[in-house]
Amino acid sequence: MEHLHPGCLLCDVKNISFLQHCTPEQLDEILTSKTCSIFKKGQIVFHEGNIPQGIFYISKGVLKLVRTNNEGKEQILRFAKEGDFLGYRALIADEPFVATAICIEEAVACFIPRAIFMKLLDENAAISKEMLKALSHDLGVVEERVQSLAQKSVRERLAETLLFLHQTFNSEEKGEDGVIHITLPREDIANIVGTATETIIRLLSEFKHDKLIELDGKKIKILNKQKLEKISSASV
Numbered sequence: 085m086e087h088l089h090p091g092c093l094l095c096d097v098k099n100i101s102f103l104q105h106c107t108p109e110q111l112d113e114i115l116t117s118k119t120c121s122i123f124k125k126g127q128i129v130f131h132e133g134n135i136p137q138g139i140f141y142i143s144k145g146v147l148k149l150v151r152t153n154n155e156g157k158e159q160i161l162r163f164a165k166e167g168d169f170l171g172y173r174a175l176i177a178d179e180p181f182v183a184t185a186i187c188i189e190e191a192v193a194c195f196i197p198r199a200i201f202m203k204l205l206d207e208n209a210a211i212s213k214e215m216l217k218a219l220s221h222d223l224g225v226v227e228e229r230v231q232s233l234a235q236k237s238v239r240e241r242l243a244e245t246l247l248f249l250h251q252t253f254n255s256e257e258k259g260e261d262g263v264i265h266i267t268l269p270r271e272d273i274a275n276i277v278g279t280a281t282e283t284i285i286r287l288l289s290e291f292k293h294d295k296l297i298e299l300d301g302k303k304i305k306i307l308n309k310q311k312l313e314k315i316s317s318a319s320v
């Protein structure tokens, strides 16, 4: 991990969604207090169980947030990419992190100290409102995830996951070409779906046989989005 000067140009605080409500004085205070770090693939930004000392803004790269059970098996809760901020829920709740943030490609994470962030919440009602919206959104995502695990088959959850990955890791710059623009090991996909790696490998082969997707090593291209949507919503 490489630490950079607090005033580094690798991120622009004005582009951080909730900080767009800051006054010029508040922005100056953040600029002088934030620190940025470059993380290599596989490095950890923060650990599950640690006490948050601030929040993180992802200026570049992609991270996975995982929990580990007593047997050491990972469960991927969600992903974070450029423009996302992490750690705010645990910080506001005054609780330890419930997940470990691991880089799945090189990333730049900018850190805003606890005292500065909490001061912003106290002084700026608009930022507090943004945090409330973010927390409410995250709660909705968790509820949908629980419903999916409880009601959908593994095949339906895999279709849902592939559509989610395509939506999350596709951009106008990369084009809507059907390619999922992130390379994940089959084990990670299995962790998202909530099943065994062997099952995912078999189902991906079935999807390929049915011409729903195209496989090129670890890369996945969606060929029939409508059919995947139909499969993913079969139990709804």
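This note's numbering puts the first residue of the sequence shown at 85, with every later residue one more than the last. Quick reminder that beta carbons are idealized off the backbone N, C-alpha and C, glycines included.
Where the alpha helix (DSSP H) through residue i begins and ends
| i | result |
| --- | --- |
| S212 | A209 to Q235 |
| V263 | Per DSSP, V263 belongs to no alpha helix (DSSP H) and is neither H nor E. |
| S316 | K309 to S316 |
| T252 | V238 to T252 |
Exposure of residue i, with buried meaning 16 or more beta-carbon neighbours within 10 Å
| i | result |
| --- | --- |
| A209 | exposed |
| V322 | Any question about residue 322 goes unanswered here, given that the chain covers just 85 to 320. |
| R286 | exposed |
| E282 | exposed |
| A234 | exposed |
Range of the contiguous beta strand (DSSP E) that encloses residue i
| i | result |
| --- | --- |
| D112 | Run containing D112: none in the beta strand (DSSP E); it sits in the alpha helix (DSSP H), P108 to S117. |
| T184 | T184 to C187 |
| E158 | E158 to K165 |
| A193 | A191 to P197 |
Through-space distance from residue j to residue i, alpha-carbon basis
| i | j | result |
| --- | --- | --- |
| Q110 | Q137 | 19 Å |
| F123 | D168 | 16 Å |
| L268 | A193 | 21 Å |
| L216 | D178 | 15 Å |
| G171 | E313 | 32 Å |
6 Å Cβ shell around residue i - same chain, five flanking residues per side excluded
| i | result |
| --- | --- |
| H250 | I264 and I306 |
Contacting residues, own chain, Cβ-Cβ under 8 Å from residue i (five flanking each side not counted)
| i | result |
| --- | --- |
| T184 | I128, F130, H131, E132, L149, V150, R151 and T152 |
Close beta carbons around residue i, own chain, < 7 Å, minus the five adjacent residues each side
| i | result |
| --- | --- |
| T279 | V238 |
| V277 | V238, R241, L242, T245 and I284 |
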